[in-house]
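*Asks:* Sharing a structure with you now.
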Ligand SMILES: C[S@@+](CC[C@H](N)C(=O)[O-])C[C@H]1O[C@@H](n2cnc3c(N)ncnc32)[C@H](O)[C@@H]1O
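Residue numbers (this note's numbering): 178 to 458.
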């Protein structure tokens with residue numbers, strides 16, 4: 178993720194746009210943005226919308242990107258961004274991070290800057306002899322680092338056919354075809370049972386609904402990286418309490434190894450990951 182907030186760039190952008198915009202709008206220009214590969218995601222306030230294309234063209238020129246998107250919302254089962262293209266016409270890019278190539282369509286596939294620490298953490302989490310199952314693979318956000326840097330075997334499951342296309346390309350781009358394979362199915366239809374040493378559950382809001390399936394994929398002893406969104410008033414007991422309750426109902430004991438806050442998801446709600454060791458009782 179490239180964040181260019183250098184001292185020279187912002188004044189340069191303001192200088193150019195002060196000649197094109199009413200003076201009262203210049204102070205509302207975005208001071209923060211996210212660059213993924215050569216695509217920029219720009220948050221724009223309502224007041225600036227009549228000038229969105231001129232503004233986007235200047236940010237593109239100064240920052241040297243090919244396409245600019247207006248930041249919107251990430252919604253639905255597939256966690257798809259709804260971002261409007263306001264400059265250029267090609268939202269597909271290759272983003273390089275921690276030695277991994279991530280090819281994606283930034284306008285339609287989520288790639289969160291706030292998850293960078295977790296992507297980097299995954300690069301040293303597994304041993305080469307492990308079998309890792311990523312139940313919500315996306316474009317391989319969390320499992321490409323495991324295949325590439327830990328050299329573990331990975332099964333990556335992604336339901337959205339459009340995202341899956343990039344997952345398959347990324348496996349080849351990163352030359353991990355020998356140890357990473359992908360399934361374009363709903364993870365609840367995955368046939369493997371009792372096979373995984375480690376399971377990634379990189380999802381939010383409804384992740385608890387998938388705990389029984391994760392347990393059926395896990396070996397009798399396994400580690401599960403369980404992500405979910407949690408109201409602050411329920412922390413720190415949640416989300417582990419719910420995980421353990423469901424695990425016990427399915428004949429497993431659960432031990433919390435580590436818990437990390439990934440990001441603020443909404444006011445008073447946090448995206449959390451818990452590393453959990455599960456044992457069949
Ligand atoms: C929020 S993205 C997260 C990607 C990555 N795990 C991360 O944490 O950065 C979740 C992905 O799970 C996929 N997904 C949602 N429900 C699924 C299901 N039942 N089976 C397989 N994939 C699913 C979505 O299409 C999306 O690409």
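Note that beta-carbon positions come from the ideal geometry of N, C-alpha and C, so glycine has one too. Quick caveat: nothing in here was measured; it's all calculated off a predicted structure.
1) How should residue 238 be labelled, buried or exposed, when 16 other C-beta atoms within 10 angstroms of its C-beta is the threshold for buried?
2) Since residue 387 and residue 359 should fall inside the 8 Å C-beta cutoff, what is the C-beta to C-beta distance between them, to a whole number of angstroms?
3) Looking at residue 261 and residue 253, is the spacing between their C-beta atoms short of 8 Å?
4) Residues bridged to residue 373 by DSSP?
5) Report back the beta-carbon spacing between residue 332 and residue 310 to the nearest angstrom; my notes put them in contact at under 8 Å.
6) Please report the distance separating the alpha-carbon of residue 194 from that of residue 186.
7) Buried or exposed: which applies to residue 283, given that a residue is buried once 16 or more other Cβ atoms fall within 10 Å of its Cβ?
8) Are the beta-carbon atoms of residue 350 and residue 280 separated by less than 8 Å?
9) So residue 221 and residue 232 are in contact, right, with Cβ under 8 Å, and what is the actual spacing, rounded?
10) Note the first and the last residue of the continuous alpha helix (DSSP H) segment covering residue 175.
11) Please name the residue or residues paired with residue 406 in a DSSP beta bridge.
12) Given the structure, does residue 275 come close to ligand 1, in the sense that its CB is under 7 Å from one of the ligand's heavy atoms?
13) At a cut-off of 7 Å, would you count residue 448 as near ligand 1, judging by its Cβ distance to the nearest heavy atom?
14) Between the region 290-308 and the region 426-439, can you find at least three pairs of beta-carbon atoms closer than 8 Å?
15) For residue 374, is the beta carbon positioned less than 7 Å from some heavy atom of ligand 1?
16) Who are residue 274's beta bridge partners in DSSP?
17) In angstroms with no decimal places, state the Cα-to-Cα distance between residue 191 and residue 230.
18) Can you tell me whether residue 318 sits near ligand 1, meaning its C-beta is under 7 Å from at least one heavy atom of the ligand?
19) Please report how far the alpha carbon of residue 215 lies from the alpha carbon of residue 345, in whole angstroms.
20) Please classify residue 414 as buried or exposed, where buried requires at least 16 neighbouring CB atoms within 10 angstroms.
21) So is residue 209 buried or exposed if we call it buried at 16+ other beta carbons inside 10 Å?
22) Consult DSSP for residue 226 and reduce its assignment to one of helix, strand or coil.
23) Would you say the beta carbon of residue 452 comes nearer than 7 Å to a heavy atom of ligand 1?
24) Tell me whether residue 421, by its Cβ, gets closer than 7 Å to a heavy atom of ligand 1.
*Replies:* Short version:
1) With fewer than 16 other beta carbons inside 10 angstroms of its own, residue 238 counts as exposed.
2) Going by Cβ atoms, the distance from residue 387 to residue 359 rounds to 18 Å, so no, they are not a contact pair.
3) No, they are not a contact pair.
4) Answer is 395, bridged to residue 373.
5) Sure, about 5 Å apart at Cβ, within 8 Å.
6) Rounded to the nearest angstrom, the two C-alpha atoms are 12 Å apart.
7) It is buried - the Cβ of residue 283 has at least 16 other Cβ atoms within 10 Å.
8) Here residue 350 is near residue 280, since their CB atoms are less than 8 Å apart.
9) About 7 Å separates the two Cβ atoms, so the contact holds.
10) Only positions 178 to 458 of the chain appear in the structure, and residue 175 is not among them; the question remains open.
11) Answer is 448, bridged to residue 406.
12) No - ligand 1 has no heavy atom lying nearer than 7 Å to the Cβ of residue 275.
13) Taking the Cβ of residue 448 as the reference point, every heavy atom of ligand 1 lies at 7 Å or farther away.
14) A contact exists between the region 426-439 and the region 290-308.
15) Not under cutoff, so the answer is no.
16) In the DSSP output, where bridge partners are listed per residue, residue 274 has 277.
17) Linking residue 191 to residue 230 through their CA atoms gives a straight-line distance of about 15 Å.
18) For residue 318, the Cβ falls inside the 7 Å cut-off from some heavy atom of ligand 1.
19) Residue 345 has its alpha-carbon roughly 21 Å from the corresponding atom of residue 215.
20) Label assigned to residue 414: exposed.
21) With fewer than 16 other Cβ atoms within 10 Å, it is exposed.
22) Residue 226 sits in a helix when the DSSP states are folded into three classes.
23) No; taking the cut-off as 7 Å, the Cβ of residue 452 has no heavy atom of ligand 1 nearer than that.
24) Checking every heavy atom of ligand 1 against the Cβ of residue 421, none is found closer than 7 Å.
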